[in-house]
Amino acid sequence: MKRFLFWLLFSLSAVFAISQEQKKISVQNTKLDSLYISLKSNNKETVKLELYNIIASIYYNNARYDSSIIYYNKCLLLSEKLNNKLKIANCILNIGLINYSRGDYPKALDYYTRALKIYEDIKEKAGIAKSYTNIGLIYDFQGSYSQALEYYTKALKIDEELKDKEGISADLLNIGTMYQTQKEYYKALQCYKRALKLNEELNDKDGISSCITNIGLIYDDQKDYEKALEYYYRSLKIDEELNNKEGIILSLVNISDLNITLKKYAIAKGYAQKVIALSKEINTLNNLRMGYEILANAEVGLGNYKEAYANHVKFKQLTDTIFNIENSSKLSNTKTNFEVEKKETELKAKAAVQKAISLEEKKRHQLIIYIIIGILLIIIIFTFALFKRFKLTNKQKDIIELKEKQTQNQLVIIDEQKRLVEAKHKEITDSIQYAERIQRSFLASNELLQKNLKEHFIFFQPKDVVSGDFYWSTEHNGNFYLAVSDSTGHGVPGAFMSLLNMFFLSEAIKEKGILVPNEILNHVRKRLIEHISQDGAQDGMDCILLCINTVDKKLTYSAANNAPILISNNKMIELPKDKMPVGKGERDTSFTLYEIKDIKREDTLYLYTDGYGDQFGGAEIKKFKSRQLNEFLLSVSQNPINKQRSILEDRFIEWKGVLDQIDDICIIGIKI
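Under my numbering, think of the first position of the sequence shown as 37, with each following residue one higher.
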């Protein structure tokens with residue numbers, strides 16, 4: 037499990053471009069109602085400017101980004117009118133920060149760059165440093181570590197000139213994480229220790245806790261577990277003193293995860309239970325998901341397989357929930373961004389019109405408005421009189437008909453609600469079934485498989501109607517390609533990922549002319565990172581891609597996390613694989629090309645995903661596991677190829693028993 041770093045949260049809090057006047061006001065205790073009253077009753081533009089700023093920051097702190105950006109834009113327009121360049125730059129930087137929070141990094145970078153230019157023009161060093169740090173964070177998040185380090189270092193140089201200890205500490209934490217990411221632990225440790233000393237001088241306990249945690253993570257990476265635990269416990273103690281529940285949870289995660297590594301499962305279990313309890317208290321789904329994952333691993337270590345299964349199911353459910361929330365959030369943000377951009381455009385257009393109108397035109401405009409208002413008032417009064425007369429004339433008739441209409445309306449409403457519920461249920465069911473037909477159409481066709489694989493079987497059993505697992509094939513330039521893959525997630529999200537993965541596989545071979553399996557997987561990984569992993573999500577697939585040359589019958593393959601199994605001379609051989617996914621992960625090296633040599637006529641090759649091995653069942657409620665599956669395949673291989681699928685299916689049903697299937701299953705057997 038990847039442990040958490042505090043540096044990102046800490047550095048973000050250090051770079052919010054809030055004006056000095058704003059800092060004097062406790063935003064959390066300010067009531068929006070009273071601010072709106074002050075805004076309406078005060079005509080002084082400098083006061084309005086600060087009120088816009090405060091209202092925008094309150095909306096930002098409550099994650100109401102669409103409202104926040106509207107008030108920052110009002111603040112920006114007023115700052116431009118007053119020609120206050122410092123305020124202009126601050127507003128632009130804050131709008132960039134909102135776009136960063138929404139995940140729109142290109143737009144955030146554009147605003148940061150615009151703010152930086154203004155700060156440089158007016159020689160505002162503190163603003164320049166904040167802009168450098170914010171730009172560095174974007175490059176950092178996108179994996180451009182050399183560029184991120186360059187901007188963090190620029191920010192540090194300015195903060196040192198200004199003797200801004202808080203800024204220096206944040207810069208050192210950011211620089212330290214860059215070195216730690218690149219495994220330059222000595223340099224990272226020097227940065228963290230220097231930042232720790234500064235935070236101790238400032239008596240900033242949050243900053244002290246962040247530094248101590250990061251130092252612990254370095255010792256953890258270096259396998260100096262005793263020192264790592266010492267620092268984790270120190271950080272935990274500080275967070276408990278501050279009642280920082282988020283910090284307490286992250287410290288507990290680090291401690292329990294390290295105890296799993298040390299095989300101290302009982303201790304790990306205790307801390308994992310605390311993680312779960314606190315996460316429920318503050319309602320943080322991702323922390324709760326980690327708690328259940330660690331608890332499941334601890335129960336496995338203690339031999340409590342039934343409890344391990346229950347916690348693993350909760351972990352998987354939370355993983356799917358978070359995945360769906362993130363996808364929904366991306367769609368919502370796209371809509372919100374469009375609406376906010378529309379409002380921004382309207383505000384800017386309005387400001388341009390206001391500047392173009394002269395004083396004389398304003399007076400003429402007001403006169404026209406007064407005339408229109410007068411005419412409207414006359415129309416309203418006349419209409420009201422007619423309406424009142426009409427109302428009196430029809431009052432008795434309305435009363436008589438009212439009860440009859442109410443009864444009829446209630447019946448209509450009931451029938452309509454029933455119809456809508458039935459229609460919605462049918463619509464959802466039809467949509468899922470249609471999605472299943474679409475996915476089936478992309479899977480490898482029986483005709484193509486029969487043409488190139490004379491003897492084979494397919495055991496494909498999705499957990500839901502649609503699947504994250506898939507099998508896919510194509511022919512190109514005398515080669516036959518077969519992929520057996522496990523996409524991130526299952527159900528509808530998993531099916532979406534599987535379609536995307538199949539599209540990129542086809543693109544690599546058919547459009548780009550890439551013929552070698554490892555280069556094909558390299559291309560798919562690049563495309564996945566470009567399109568869906570820009571926000572750090574590690575979506576992709578585990579995959580075996582087999583290539584058979586139809587002329588010389590040469591077999592080559594590449595394998596991401598899943599390994600092919602060869603049965604030869606009644607012996608099981610697990611072929612090599614790369615321990616990394618096709619997608620964003622801890623490694624980004626090129627996939628390896630392997631060749632299967634010395635193939636005998638009666639040899640059998642098996643390609644499978646992890647769903648069969650991960651299934652809980654049996655008398656002890658534990659996983660089937662891949663090793664047991666490989667041994668079972670050895671015995672299954674003695675049977676005719678056309679009977680092997682039913683043997684695998686019967687064994688799966690017997691093992692699963694009354695338990696639910698927890699993942700998609702895909703196994704393909706090929707008699708070579």
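In this text, a Cβ means the ideal position worked out from N, Cα and C, and glycines have one as well. All of these numbers come straight from a predicted model, not from anything done at the bench.
Reduced DSSP category for residue i - H, G, I as helix; E, B as strand; rest coil
i: H526; result: coil
i: Y215; result: helix
i: S673; result: coil
i: V336; result: helix
i: A99; result: coil
i: M538; result: helix
i: I556; result: helix
i: K548; result: coil
i: I291; result: helix
i: G306; result: helix
i: E566; result: helix
i: L321; result: helix
i: Q486; result: helix
i: V502; result: coil
i: I284; result: helix
i: S521; result: strand
i: A346; result: helix
i: S682; result: helix
i: Y72; result: helix
i: Q19; result: Shown here, the chain extends from 37 to 708; a query on residue 19 therefore has no answer.
i: K658; result: strand
Pairwise C-alpha distance: residue j and residue i
i: G212; j: L225; result: 7 Å
i: N126; j: G327; result: 40 Å
i: D242; j: I106; result: 32 Å
i: A346; j: L198; result: 55 Å
i: L582; j: R150; result: 50 Å
i: I408; j: I417; result: 14 Å
i: Q574; j: Y72; result: 43 Å
i: L541; j: L479; result: 12 Å
i: L192; j: Y141; result: 23 Å
i: I534; j: N666; result: Per the sequence shown, residue 534 should be read as Ser rather than Ile. Using only the alpha carbons, I get a separation of about 25 Å.
i: Y593; j: V552; result: 8 Å
i: N170; j: K190; result: 12 Å
i: H567; j: Q674; result: 45 Å
i: E186; j: N210; result: 11 Å
i: G619; j: R476; result: 23 Å
i: V502; j: D700; result: 9 Å
i: K613; j: A162; result: 51 Å
i: T82; j: F359; result: 45 Å
i: G306; j: A264; result: 19 Å
i: I601; j: N554; result: 18 Å
i: L709; j: I131; result: There is no way to answer for residue 709, as the model of the chain reaches only from 37 to 708.
i: N369; j: I134; result: Confidence is the limiting factor: at N369 the pLDDT is only 49, short of 50, which leaves the residue's position unreliable, though a coordinate-based value still follows. Roughly 11 Å between the two C-alpha positions.
i: A313; j: N340; result: 20 Å
i: A144; j: I194; result: 22 Å
Close Cβ partners of residue i (< 8 Å) along its chain, the five nearest in sequence each way excluded
i: E156; result: I164
i: E543; result: H559 and R563
i: Y267; result: I248, T249, I251, G252 and Y255
i: I244; result: L232, N235, E236 and I274
Close-in-space but distant-in-sequence residues of the same chain around residue i (CB under 7 Å, 5 per side omitted)
i: N585; result: G514 and N515
i: L485; result: H492 and S509
i: V336; result: A344
i: L321; result: L354, T357 and I358
Test: residue i CB closer than 8 Å to a CB of chain C
i: F478; result: This model lacks chain C altogether, as it is built from one protein chain only.
Cβ shell of residue i (< 6 Å), same chain only, five flanking positions each side left out
i: E329; result: F351
i: Q697; result: K499
i: I706; result: L489, H492 and L641
i: L75; result: L87
i: I291; result: Y268 and Y307
i: L331; result: A308 and N347
Integer Cβ distance of residue i from residue j, believed to fall under 8 Å
i: D646; j: N598; result: 7 Å
i: Q258; j: Y221; result: 6 Å
i: Y88; j: L114; result: 7 Å
i: V694; j: I683; result: So it is not a contact: roughly 21 Å between Cβ atoms.
i: L118; j: I94; result: No, L118 and I94 are not in contact; Cβ-Cβ is about 22 Å, not under 8 Å.
**OP:** Only counting runs of 3 or more residues, tell me where the beta strand (DSSP E) segments fall wholly within the stretch 619-645, in order along the chain.
**Re:** Runs found: 630-632 and 640-644.
**OP:** Enumerate, from N- to C-terminal direction, the unbroken beta strand (DSSP E) stretches of 3 or more residues contained entirely within the stretch 228-276.
**Re:** Complete beta strand (DSSP E) runs here, min 3: none at all.
Subject >> Ranges of the alpha helix (DSSP H) found wholly within the stretch 131-200, counting only runs of at least 4 >> reply: Counting only runs of 4 or more, we get 141-157, 161-177 and 181-198.
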